[in-house]
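Novice: For the sequence shown, the numbering used here gives the first residue as 1043, with consecutive numbering after it. I am attaching a structure below and will ask some questions about it afterwards.
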Amino acid sequence: MKLPIYQVDAFTDHRFGGNPAAVCPLEKWPSDKEMQNIAAENNLSETAFFKQTGDSFHLRWFTPSTEVELCGHATLATAHVLFNEMGYSKEEIAFDTLSGRLTVKRSGYGLTMNFPVSVVEKVHAPAILFEALGLPPMEENVYKSDDYLIELGSEQEVVDLNPDFRLLKEVDARGVIVTAPGDEVDFVSRFFAPQSGVDEDPVTGSAHTKSAPYWAKKLDKNELKARQVSHRAGELHCVVKGDRVEISGKVITFMRGEIEIA
1043 MKLPIYQVDA
1053 FTDHRFGGNP
1063 AAVCPLEKWP
1073 SDKEMQNIAA
1083 ENNLSETAFF
1093 KQTGDSFHLR
1103 WFTPSTEVEL
1113 CGHATLATAH
1123 VLFNEMGYSK
1133 EEIAFDTLSG
1143 RLTVKRSGYG
1153 LTMNFPVSVV
1163 EKVHAPAILF
1173 EALGLPPMEE
1183 NVYKSDDYLI
1193 ELGSEQEVVD
1203 LNPDFRLLKE
1213 VDARGVIVTA
1223 PGDEVDFVSR
1233 FFAPQSGVDE
1243 DPVTGSAHTK
1253 SAPYWAKKLD
1263 KNELKARQVS
1273 HRAGELHCVV
1283 KGDRVEISGK
1293 VITFMRGEIE
1303 IA
């Protein structure tokens, strides 16, 4: 069986920036094992598989080691493939996922995703979390949903982090968001998820379902500019609307190809 595959850089307007994702359009579903093997072979933070079902698309995401419930940049990448590589003519795409119905539409910011807000709550974090991040233990500014969120004092502190991923993998969470006020944007962040098979994700749409509402409340504004300050870096435009958040970014195709599987 041969499958088409695209590699796409999301949350950037230039190749080799943002977050790369693989996208595989399907006519029928391979087995879960085959999809996981393809994701492991691609060795990108996410590989997206989608199949049309009526007026919407069933979308699934795999890291090199596991299927995940929500992935922003691979959703943006999938919409880009549909709009720009496969000629999808409507202005909005509906995806059915493990996180429910998600939509992506064309906008002045490139493509705009509509995701559910994920609320973080203040917690007392384990010492291993701070040890893994190379930070002193702190009681303030530590929150959690399925991810930890830690606020630091400056963008440079976030940039300078050099985590111990072996230790961080032992922390009980999907991943860890470290964030701070930005020098040129409203807030910056980095996202570490060795627990999910990705030491550092270059630009993480799903993390902004937590960080954007967090900063919207803190800054008392619902429209925010964000930058994920990984080595590839990426730009996001976020608008918090009650229990939903719109996350926008630009996307560019890097590669078109074909996979052969038995």
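All C-beta atoms, glycine included, are put in the ideal place defined by N, C-alpha and C.
For Val1161, does the count of other Cβ atoms within 10 angstroms reach 16, so buried, or fall short, so exposed?
Specialist: Residue 1161 sits at position 119 when you count from the first residue of the sequence shown. That one is exposed.
Novice: Please go through the same chain and pick out, in chain order, the residues whose beta-carbon is closer than 6 Å to the beta-carbon of Thr1145, but skip the five residues on each side of it.
Specialist: What you label residue 1145 is simply residue 103 of the sequence shown in a count that begins at 1. Cβ neighbours of Thr1145 beyond the five flanking positions: Glu1134, Ala1136 and Asn1156.
Novice: Could you give the uninterrupted runs of the alpha helix (DSSP H) lying entirely in the region 1104–1154, keeping only those of 4 residues or more?
Specialist: Qualifying alpha helix (DSSP H) stretches, in chain order: 1114–1122.
Novice: Consult DSSP for Phe1296 and reduce its assignment to one of helix, strand or coil.
Specialist: Locating residue 1296 in the sequence shown gives position 254, where the first residue counts as 1. Three-state DSSP puts Phe1296 in a strand.
Novice: With distances taken from CA atoms, which of Pro1255, Leu1203, Ala1081 and Asp1228 is nearest Phe1234?
Specialist: The residue you call residue 1234 lines up with position 192 of the sequence shown. The residue with the shortest Cα to Cα distance from Phe1234 is Leu1203.
Novice: Specify, as a first and last residue, the run of the beta strand (DSSP E) that His1279 falls within.
Specialist: As a first step, residue 1279 must be located in the sequence shown, where it is residue number 237. Its beta strand (DSSP E) spans residues Gly1276 to Lys1283.
Novice: Per DSSP, what kind of secondary structure is Phe1157 in: helix, strand or coil?
Specialist: Against the sequence shown, residue 1157 aligns to sequence position 115. In the structure shown, Phe1157 sits in a strand (DSSP, three-state: E or B).
Novice: Candidates Phe1053, Phe1091 and Gly1059: which alpha carbon is nearest Pro1046's?
Specialist: Position 4 of the sequence shown, counting from 1, holds the residue named residue 1046. The shortest C-alpha separation from Pro1046 is found at Phe1091.
Novice: How many whole angstroms separate the CB atoms of Asp1228 and Glu1197, which I take to be in contact at a CB cut-off of 8 Å?
Specialist: As a working note, residue 1228 is residue 186 in the sequence shown. As a working note, residue 1197 is residue 155 in the sequence shown. About 11 Å; that fails the 8 Å criterion.
Novice: Going straight from the alpha carbon of Gly1060 to that of Gly1217, what length do you get?
Specialist: Counting from 1 along the sequence shown, the entry for residue 1060 is found at position 18. Counting from 1 along the sequence shown, the entry for residue 1217 is found at position 175. C-alpha separation (whole angstroms): 19 Å.
Novice: Just to confirm, are Glu1088 and Phe1104 a CB contact at a threshold of 8 Å?
Specialist: Numbered from 1 along the sequence shown, position 46 holds the residue referred to as residue 1088. Numbered from 1 along the sequence shown, position 62 holds the residue referred to as residue 1104. Contact flag set, yes.
Novice: If you run the structure through DSSP and keep just helix, strand and coil, what is Ser1238?
Specialist: Here residue 1238 is taken as the residue at index 196 of the sequence shown, counted from 1. Ser1238 falls in the helix class under three-state DSSP.
Novice: For Val1271, does the three-state DSSP call read helix, strand or coil?
Specialist: One-based indexing of the sequence shown puts residue 1271 at position 229. Three-state DSSP puts Val1271 in coil, outside helix and strand.
Novice: Work out the CA separation of Asp1097 and Ile1170 for me, nearest whole Å.
Specialist: The residue you call residue 1170 lines up with position 128 of the sequence shown. The residue you call residue 1097 lines up with position 55 of the sequence shown. Each residue's Cα considered, the two are about 47 Å apart.
Novice: From Ser1290 to Phe1125, what does the alpha carbon distance come to, in whole angstroms?
Specialist: The residue given as residue 1290 occupies position 248 in the sequence shown. The residue given as residue 1125 occupies position 83 in the sequence shown. Their Cα atoms are separated by approximately 15 Å.
Novice: Do Pro1255 and Val1287 have their beta-carbon atoms positioned less than 8 Å apart in this structure?
Specialist: Within the sequence shown, numbered from 1, the residue matching residue 1287 stands at position 245. Within the sequence shown, numbered from 1, the residue matching residue 1255 stands at position 213. Yes, they are a contact pair.
Novice: Checking the sheet assignment: what are the DSSP bridge partners for Leu1101?
Specialist: By one-based count along the sequence shown, residue 1101 stands at place 59. Leu1101 pairs with Phe1092.
Novice: Is the number of C-beta pairs between the region 1105–1117 and the region 1073–1084 that are closer than 8 Å three or more?
Specialist: With the cut-off at 8 Å, the region 1105–1117 and the region 1073–1084 touch.
Novice: DSSP state of Phe1053, grouped into three classes?
Specialist: Position 11 of the sequence shown, counting from 1, holds the residue named residue 1053. It is coil, neither helix nor strand.
Novice: Look up Glu1181 in the DSSP assignment and say whether it is helix, strand or coil.
Specialist: Taking the first residue of the sequence shown as position 1, residue 1181 is located at position 139. Of the three classes helix, strand and coil, the one that applies to Glu1181 here is coil, per DSSP.
Novice: Hey, quick one: how far does the alpha helix (DSSP H) through Arg1286 stretch, first residue to last?
Specialist: Translated into the one-based positions of the sequence shown, residue 1286 becomes position 244. Note, Arg1286: premise wrong, no alpha helix (DSSP H); beta strand (DSSP E) at Arg1286 to Gly1291.
Novice: Excluding five sequence neighbours on each side, which residues of the same chain lie with their C-beta closer than 7 Å to the C-beta of Gly1239?
Specialist: Counted from its first residue, the sequence shown places residue 1239 at position 197. Thr1105, Pro1106, Ser1107 and Thr1108.
Novice: Residue range of the alpha helix (DSSP H) that Val1213 falls in?
Specialist: On the sequence shown, position 171 is the one that residue 1213 refers to. Careful: Val1213 lies outside any alpha helix (DSSP H) and carries neither H nor E.
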